[in-house]
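Here's the structure, in structure tokens; my notes come after.
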Amino acid sequence: MTDVDVVVVGAGVLGGSIAYALACAEPGLRIVLSGRRGPGASQAAGAMLGVLGEVTAAGVRTRHGELRLGMAVEAAARWPAWRRAVRDRAGTAAPPDGYGTGTYILLNAASGPLDEAALEAMRAAGARHGLAVEDSAVSDVPAYRPLDNDRALRAVFLPQERFLDARRWLRTLDTALRALPNVRRAGAGRLRAHGTAYELATREGTFRAGRVVVAAGAWSSALLDRIDPELAVLPVVAAEGTAVALRPTGPAPPVVLRTPNRAYACGLHAVPQADGTWYLGASAAPALHPGDAPTAGALRFLLDAGLGQLHHGLTGARVSRVHHGNRPVGLDGHPLLGNPGRPGLWVATGTHRDGLHTSPLIAQEIATEILHETPSPWLAPWQPCRKPIIDWTAADAIEEAAAHHAALAAESRMRPPLTGDWPGLLTDAYRTLMEQTYARMPDGYVLPPELAPLGYEQGPALASLVQSHLDRLAGRAGWRCRRRTPRRRAWPRCATPTASSTSATTS
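For the sequence shown, our numbering gives the first residue as 8, with consecutive numbering after it.
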């Protein structure tokens, strides 16, 4: 048994970033970072460090959507110094990470009215936050060669949006962590709770700490349930995503090319990679549990959309790699960040598409809470032990979900018959499907539109998961949701375990 100060569970960008922030803030802290890389979100990410590019009209109409935008703006401001510090720590072993600036937003007809509304929301958000949105001639967009019937009629340039190669960034972060003498890496293991202390058993040894951070992405809910079955943390589901790395015969675009978020997804995008490939992404399929491989349908849809809407010359490109990952999504569509009410436990998950971009902010704020017991205003809206956030009326959510369904049909080139009112009939059918889906959900819960496919594909199971969480909140575990008032005191090096314990396997 080895006593340490903090165990961080999670092999993705959030786990590594939190361990790095803790180790740099307090060099005397003994930290173990546990987990193994698999089909998580970080390894498959496109790593658009986007702020305005992720804006949608519906998102910024809600209070929590505006809060998420504020986090994205703050994270973007922290990225340059964060990246320099991590690369300096990694030293000469840090690989080129493909870091660059500039994003073109393309508005084509392979979608619906959501695209135009998103563009106007981007302009408004840019004006509020002092971020440039520049009109661009479509002919000026570099490395853009769509099919004529998929071509964009409008484009804007976001000169301050950054990007990097996610795989290279993870390697850089790993190198920096290895250079820190107070961080020890361990593989996956079993995490057990003993009162307010925690034990992690791995092949590398067993570690005991008074503090633990669970940043295990889409696997976090199962881990937390086994640590403490009474802990009423909002469940996290998965959003499976597939992307491909293509090695073209010509140069990759020097900037990001993308459409607005649409069709329940993050928009079609091409991101230049450090090795000269194009990262073409990404599909989105919400699921109750993470998936380990892409589906044929996801790959077919992605390649068809990418070759048609971005560059049909890529038909001759070699597929260098297929990426597949599981984005963690809170049941209300929002992240889970902070202490859930159990002593010594912090949670960082549910970030959906924002995890890599917001990682400097989340890591630094979690580290501050752990070291100083000072609640972070950035994390306060996202307490893990909460009722689902409801920013939507059911009627508005139904209309938004139906609009995304129509955009998905348009992007799939579905052409309705021109006899009778088939377009109107299809619109009514989408709305009816959504009305039936939302009617199956428990009272006190409005399904966020981005999870609507999960509702109509696995409605009974999703409703059961939501009801179980609401029952847990209302039952004997509800007391655990009260946020504890921070006290200024020195953290013990380790806590003495009690005889009672629960366990979970880390991933």
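Heads up, the beta-carbon is just placed ideally off N, CA and C, and yes, glycines get one too.
Please determine, among the options, the residue with the shortest C-alpha to C-alpha distance to residue i.
i           : options           : result
residue 204 : 369, 215, 196     : 215
residue 152 : 69, 309, 260, 221 : 260
residue 329 : 50, 43, 25, 40    : 50
residue 474 : 242, 282, 273     : 242
residue 308 : 274, 45, 15, 89   : 274
When you compare only the Cα positions, how much space is there between residue i and residue j?
i           : j           : result
residue 378 : residue 286 : 38 Å
residue 361 : residue 427 : 43 Å
residue 439 : residue 453 : 16 Å
residue 22  : residue 76  : 22 Å
residue 443 : residue 424 : 25 Å
residue 350 : residue 231 : 13 Å
residue 109 : residue 102 : 21 Å
residue 238 : residue 393 : 11 Å
residue 461 : residue 434 : 20 Å
residue 415 : residue 456 : 13 Å
residue 450 : residue 410 : 24 Å
residue 200 : residue 421 : 53 Å
residue 155 : residue 430 : 23 Å
residue 206 : residue 355 : 19 Å
residue 95  : residue 119 : 45 Å
residue 220 : residue 142 : 44 Å
residue 27  : residue 148 : 38 Å
residue 140 : residue 129 : 8 Å
residue 265 : residue 327 : 21 Å
residue 158 : residue 54  : 25 Å
residue 174 : residue 184 : 15 Å
residue 253 : residue 284 : 5 Å
residue 13  : residue 222 : 13 Å
residue 342 : residue 73  : 14 Å
Rounded C-beta distance between residue i and residue j? I'm assuming under 8 Å.
i           : j           : result
residue 20  : residue 170 : Wrong, their Cβ atoms sit about 14 Å apart, outside the cutoff.
residue 62  : residue 125 : 7 Å
residue 64  : residue 42  : Not confirmed; about 37 Å, so no contact.
residue 25  : residue 373 : 5 Å
residue 208 : residue 192 : Going by Cβ atoms, the distance from residue 208 to residue 192 rounds to 15 Å, so no, they are not a contact pair.
Between residue i and the rest of its own chain, which residues show a CB-CB distance below 6 Å, the 5 nearest in sequence each way excluded?
i           : result
residue 246 : 291, 293, 334, 336
residue 395 : 338, 339, 452
residue 371 : 28
residue 359 : 334, 336
Which residues in the same chain as residue i place their Cβ atom closer than 7 Å to its Cβ, once the five residues preceding and following it in sequence are excluded?
i           : result
residue 323 : 256
residue 305 : 249, 290, 292
residue 8   : 213, 215
residue 466 : 444, 447
residue 479 : 239
residue 301 : 249, 329, 331
With a threshold of 16 other CB atoms inside 10 Å of the CB of residue i, please say whether the residue is buried or exposed.
i           : result
residue 78  : buried
residue 172 : buried
residue 190 : buried
residue 496 : No answer about residue 496 holds up, because its pLDDT of 32 lies below 50 and its placement is not dependable.
residue 107 : buried
residue 491 : Bear in mind that the predicted position of residue 491 carries a pLDDT of just 44, short of 50, making it too unreliable to give a figure here.
residue 104 : buried
residue 84  : exposed
residue 315 : buried
residue 486 : In this prediction, residue 486 scores a pLDDT of 46, lower than 50, which makes its location untrustworthy; the coordinate-derived value is nonetheless stated afterwards. Classification for residue 486: exposed.
residue 48  : buried
Does the CB of residue i have a neighbour CB from chain B at under 7 Å?
i           : result
residue 239 : Looking for chain B here will not work: only one protein chain is present.
Kindly list the residues whose CB is nearer than 8 Å to the CB of residue i, restricted to its own chain and excluding five residues on each side of it in sequence; keep chain order.
i           : result
residue 138 : 58, 59, 80, 132, 165, 167
residue 295 : 244, 245, 461, 465, 468, 469, 472
residue 489 : In this prediction, residue 489 has a pLDDT of 49, which is less than 50 and means its spatial position is unreliable; nothing more can be read from the coordinates.
residue 181 : 23
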